Amino acid sequence: QKEVEQNSGPLSVPEGAIASLNCTYSDRGSQSFFWYRQYSGKSPELIMFIYSNGDKEDGRFTAQLNKASQYVSLLIRDSQPSDSATYLCAVMERGSTLGRLYFGRGTQLTVWP
Amino acid sequence: SAVISQKPSRDICQRGTSLTIQCQVDSQVTMMFWYRQQPGQSLTLIATANQGSEATYESGFVIDKFPISRPNLTFSTLTVSNMSPEDSSIYLCSVGVFNGYTFGSGTRLTVV
């Protein structure tokens, strides 16, 4: 059983701060990792995907991957109240191309003004 | 990325009846995924649907309860059969494309 664990939260940060969301996964052979944002009552939307060790930046978002530690994180800089949502970490099944994803339980983030 | 049209967006159904959910994708995709999301919970994969073959179901989900149709590379349906209040949930379809996975807008099902 593949496991994806996220810090359960809820996480609360002030506007302008850095929000740090963490995720660990059990399958050492996993290669592809995704972060989704889900607003209440909406479907998940993709924020970032990362395949290689290191950092990947897109605007205010940075994904960090450390395969040796089986750890992936998402940093949100200059957090805004509009970032308040549940963030889901997902790991693609090892050895597959566009195969199934394994999701964590999500971390609820609140950014207060 | 792919765009998915999912219908219906919500429904209230009587127990014992069935509901069919449709997903139409704007491009051809090999695999489509059907998820369930219960209130406050993460996504649980129900099954993976490949065109031209039977769907592959996850543990705890069976074809008699959740039959899936995948007649071509852009369309799939999930039926929730013989519904009970425990089936009340959000159902989502998803496809994978080269730059990530896209979800339909979801179907909020309430069984009374």
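Order-wise, the sequence lines are chains A and B. To convert, count from 1 in the first sequence and add 1350; that's the numbering used here. To convert, count from 1 in the second sequence and add 378; that's the numbering used here. Even glycine gets a Cβ: it sits at the ideal position worked out from N, Cα and C. On a predicted model such as this, the values are computed, not experimentally measured, just so you know.
By the 10 Å Cβ neighbour count, where 16 or more other Cβ atoms means buried, how is glutamine 384 of chain B classified, buried or exposed?
buried
Residues near serine 483 of chain B by beta carbon distance below 7 Å, same chain, minus five either side
Gln384, Ser387
When you compare only the Cα positions, how much space is there between asparagine 428 of chain B and isoleucine 1426 of chain A?
36 Å
Under DSSP, the beta strand (DSSP E) around glutamine 419 of chain B begins and ends at which residues?
From DSSP, glutamine 419 of chain B is part of no beta strand (DSSP E); its letter is neither H nor E.
Please list, in chain order, all residues of the same chain as tyrosine 1401 of chain A whose beta carbon is under 7 Å from its beta carbon, the five residues on each side excluded.
Gln1381, Ser1382
Assign aspartate 442 of chain B to one of three DSSP states: helix, strand, or coil.
coil
Answer with buried or exposed for phenylalanine 476 of chain B, where buried requires no fewer than 16 other C-beta atoms within 10 angstroms of its C-beta.
exposed
Give the residues from the segment 1381–1398 of chain A that approach chain B closer than 7 Å (Cβ to any Cβ), ordered along the chain.
Phe1384, Ser1393, Pro1394, Leu1396
Indicate whether the contact test is met: 3 or more Cβ pairs, each with one atom in the segment 454–463 of chain B and one in the segment 395–412 of chain B, closer than 8 Å.
yes
Proximity to glycine 1404 of chain A [Cα-Cα], best of A:Leu1424, A:Pro1394, A:Arg1444, A:Tyr1386
A:Leu1424
Could you name the residues of chain B that glycine 1411 of chain A contacts, counting a contact when the two beta carbons are closer than 8 Å?
According to the sequence as given, residue 1411 of chain A is phenylalanine; it is not glycine. None at all; the shortest Cβ gap to chain B is about 14 Å.
Curious, which full-length beta strand (DSSP E) runs of at least 3 residues does the segment 1375–1458 of chain A contain?
1383–1388, 1395–1400, 1404–1408, 1411–1416, 1421–1426, 1435–1442, 1451–1453
Mind the definition here: the segment 1426–1436 of chain A touches the segment 1363–1371 of chain A only if three or more C-beta pairs lie below 8 Å; say whether that holds.
yes
Is the shortest distance between the beta-carbon of threonine 426 of chain B and the beta-carbons of chain A less than 7 Å?
yes
In chain order, what residues of the same chain have a beta carbon less than 7 Å from the beta carbon of valine 326 of chain B, not counting five sequence neighbours either side?
Absent from the structure is residue 326 of chain B, since the part of chain B shown begins at 379 and ends at 490.
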